[in-house]
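Heads up: the sequence shown begins at 0 in numbering that gives the first Met the number 0, then just goes up one per residue.
Every residue, glycine too, gets a C-beta built ideally from N, C-alpha and C.
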Amino acid sequence: MDILRKILEVKAQEVEEAKRREPLSAVRRRAEESPPTRPFLESLSAPGPEGVNVIAEIKRASPSKGTIRAGLDPRAYARAYQRAGAAALSVLTDERFFQGSFRDLQVAREAVEVPVLRKDFTIDEYQIYEARAVGADAVLLIVRAVPPDFLRDALSLCRELGLGALVEVHDEREMETALARGAPLIGVNNRDLTTFRTDIETSIRLRKQLPAGMPMVAESGIGGREDVERLLDAGIFNFLVGESLVRAPDPETALRSLLGTAAGSRF
Ligand SMILES: O=C(O)c1ccccc1NCC(=O)[C@H](O)[C@H](O)COP(=O)(O)O
């Protein structure tokens, strides 16, 4: 069985367990009482000061690589990323496959002022209320993981709750679906979730299918400034970067290098 199917099966069980622990009505109440969100979509709608926006990810582990950074301190990473100039953060909240948690998201968000994306496998509206309730500013919606009608309803719920949405695609058909359902921001995942192979040409190819003026995010497999420059040449200025930053001996310097800025670090 491919890993995405396995993750989605486990996720469906986890969501049902969560609903038994806390009914939708209660999560919904917490979501509605949450303080206002930070502007995720706006922070990615135009290039940042150096012509580049990075969504810097807090990622302890992954199905393709196992543990990436044991004992990662989400607060220290969040602060280092913000000091370096991250436009937003992405925090994995999936526990089983990525060793993430809501706690990581809350700790990271409290440490910074930039918007924070809940990085998870969203398959049920319950998780969108949950994201808003724990303080996320945006959620990830993976086209391959959900029926097209769910995507449309999920996007409408995000708008209602004031949450941003990053709609992830990996090929031309998924891009069509995302655009037809009104995605406000497309993320092109360079990682094939079946083989785990990453190829930044995926973003370059799919960028050509985007309506003029619509920004997108290149996700996964961005290892250094050379990759950023290739993608900039293709008209892409938003990047979601996890592993290469988390593995770097100094994530602040690594992020400055992606952004094309030079400075010291206090990590
Ligand atoms: O990272 C994985 O191995 C993975 C496997 C299966 C589903 C999703 C996966 N990653 C989630 C992501 O989208 C990445 O964390 C994100 O794009 C950053 O990628 P990278 O910079 O390559 O760590």
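Can you determine whether any heavy atom of ligand 1 sits closer than 7 Å to the C-beta of residue i, and answer yes or no?
i, result
"Glu218", "yes"
"Val240", "yes"
"Phe39", "no"
"Arg117", "no"
"Pro250", "no"
"Ser44", "no"
"Leu140", "no"
"Asn237", "no"
"Ile122", "no"
"Ser24", "no"
"Thr197", "yes"
Can you tell me the Cα-Cα spacing of residue i and residue j, whole angstroms?
i, j, result
"Pro183", "Val166", "8 Å"
"Thr193", "Leu230", "23 Å"
"Pro250", "Glu56", "11 Å"
"Arg131", "Leu205", "30 Å"
"Pro210", "Val138", "22 Å"
"Glu16", "Ala75", "32 Å"
"Pro38", "Ala86", "10 Å"
"Asn189", "Asp93", "20 Å"
"Gly263", "Pro248", "Since pLDDT at Gly263 reaches only 49, below the 50 mark, its modelled position is unreliable, and no value is offered."
"Ala253", "Thr201", "23 Å"
"Leu3", "Phe195", "10 Å"
"Ser61", "Arg95", "10 Å"
"Ala63", "Phe97", "Per the sequence shown, residue 63 should be read as Ser rather than Ala. Spanning the two alpha carbons is a distance of roughly 10 Å."
"Glu175", "Pro214", "15 Å"
DSSP three-state call for residue i: helix, strand or coil?
i, result
"Ile2", "helix"
"Met213", "coil"
"Ala182", "coil"
"Leu254", "helix"
"Leu140", "strand"
"Ile55", "In the sequence as displayed, the identity of residue 55 is Ala instead of Ile. Correct three-state label for Ala55: strand."
"Glu167", "strand"
"Thr66", "strand"
"Gly19", "Note that residue 19 corresponds to Arg in the displayed sequence, not to Gly. If DSSP states are grouped into helix, strand and coil, Arg19 belongs with the helices."
"Lys118", "strand"
"Thr260", "coil"
"Glu112", "coil"
"Thr197", "strand"
"Val145", "coil"
"Glu242", "helix"
"Ala60", "strand"
"Arg229", "helix"
With a Cβ-Cβ cutoff of 8 Å, do residue i and residue j count as a contact?
i, j, result
"Ala77", "Val53", "no"
"Gly259", "Glu41", "no"
"Lys58", "Leu23", "no"
"Val245", "Ile122", "no"
"Val51", "Val240", "no"
"Leu43", "Asn237", "yes"
"Gly222", "Ser256", "no"
"Val115", "Val142", "no"
"Val26", "Glu129", "yes"
"Gly267", "Thr36", "The chain is shown from 0 up to 266; residue 267 falls before or after that span and cannot be answered."
For residue i, is the beta carbon positioned less than 7 Å from some heavy atom of ligand 3?
i, result
"Ser61", "Summarising the ligand content, the structure contains ligand 1 and does not contain ligand 3."
So, does the CB of residue i fall closer than 8 Å to a CB anywhere in chain B?
i, result
"Gly186", "Among the protein chains of the structure shown there is no chain B, as only one such chain exists."
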